[in-house]
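Here the sequence shown stands for residues 1 to 205, numbered as in the numbering used here.
Where is the CB? At the ideal position from N, CA and C, for every residue including glycine.
Quantities reported herein were computed from a predicted structural model and do not represent experimental measurements.
A short worksheet on the structure shown next.
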Amino acid sequence: RDKIGVPAKVVSIEYDPNRNARIALLHYEDGVKRYILHPRGLNPGAEIHNVEFQPGSGGQLARAAGSLVEILAKEGDFVTVRLPSKEIRFISKNSWATLGQVGNVEAYNLTIGKAGRSRWLGIRPTVRGSAMNPVDHPHGGGEGRAPIGHSRPLTPWGRPALEAKDSAQTTVFKTTAGPLDSSLQVNPSCLIKGRRYAPAPKGLS
């Protein structure tokens with residue numbers, strides 16, 4: 001928000017399909033209309049939400065329904081706050097935030113009730129790979145509760161799962177003469193999937 005010192009009037013509280021908190025429509029005195037997260041209440045100096053990490057970066061912390069950040073102390077250029085995760089952090093005193101707690105606290109008490117209601121929301125079923133056939137997933141097949149049959153979990157497309165992707169900067173030197181001499185030149189044609197393979201020195205291939 002960049003409206004500093006401009007009074008505004010809350011015109012309506014509206015539903016937003018992109019979040020579980022409600023949003024409030026503001027009409028500023030200069031004629032501008034904007035939405036903000038609807039706060040549950042105001043308690044200056046104690047509870048805030050929609051907090052910036054860095055001044056000017058925009059609200060990033062405590063934006064979900066019912067979430068809040070608690071101010072613990074102020075010292076120098078920083079404010080000590082407790083995040084919804086119970087983590088204690090220092091935030092610049094020049095960062096912006098909104099007083100109070102995000103509204104619609106009862107959002108987490110909602111019971112979906114049936115599978116069809118999730119489908120209305122665009123959420124499709126999640127099927128385990130081990131419950132599929134081998135043609136459908138690398139983890140599929142076997143008799144009974146069989147292990148996945150691989151050294152590590154794989155995605156449905158056979159790529160490694162549950163771990164970081166291979167770095168494109170990983171360098172692997174493969175020659176028939178042992179470790180690569182620093183004086184050898186790497187042929188660009190030997191670049192394969194982000195890994196560098198150097199050709200063997202002449203006379204050793």
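query	result
Where do the ends of the alpha helix (DSSP H) carrying Arg119 lie?	Ala115 to Trp120
Throw me the rounded Cβ distance for the Ala64 and His38 pair, which I believe falls under 8 Å.	Not confirmed; about 12 Å, so no contact.
Please classify Ala115 as buried or exposed, where buried requires at least 16 neighbouring CB atoms within 10 angstroms.	exposed
Thinking just about the alpha-carbon of each residue, which of Lys9, Val81 and His137 is nearest to the one in Glu52?	Val81
Taking 8 Å as the threshold (C-beta atoms), are Leu68 and Ile36 in contact?	no
Between which two residues does the beta strand (DSSP E) holding Gln265 run?	The chain is shown from 1 up to 205; residue 265 falls before or after that span and cannot be answered.
Per DSSP, what kind of secondary structure is Tyr28 in: helix, strand or coil?	strand
To the nearest angstrom, how far is the alpha carbon of Leu26 from that of Val6?	11 Å
Ignoring anything shorter than 3 residues or poking outside the region 77 to 131, list the beta strand (DSSP E) runs there in chain order.	78 to 82 and 88 to 92
Excluding the five sequence neighbours on either side, which residues of its own chain have a C-beta within less than 6 Å of the C-beta of Ala107, listed in chain order?	Asn20 and Ala65
Note down, in chain order, each residue of its chain lying with its Cβ closer than 6 Å to the Cβ of Pro147, except the 5 sequence neighbours on either side.	none
With 16 other CB atoms within 10 Å as the buried threshold, where does Asn104 fall?	buried
Quick one, are the C-beta atoms of Gln54 and Ser95 less than 8 Å apart?	yes
With DSSP as the reference, label Val10 as helix, strand or coil.	strand
So for Leu162, helix, strand or coil by DSSP?	coil
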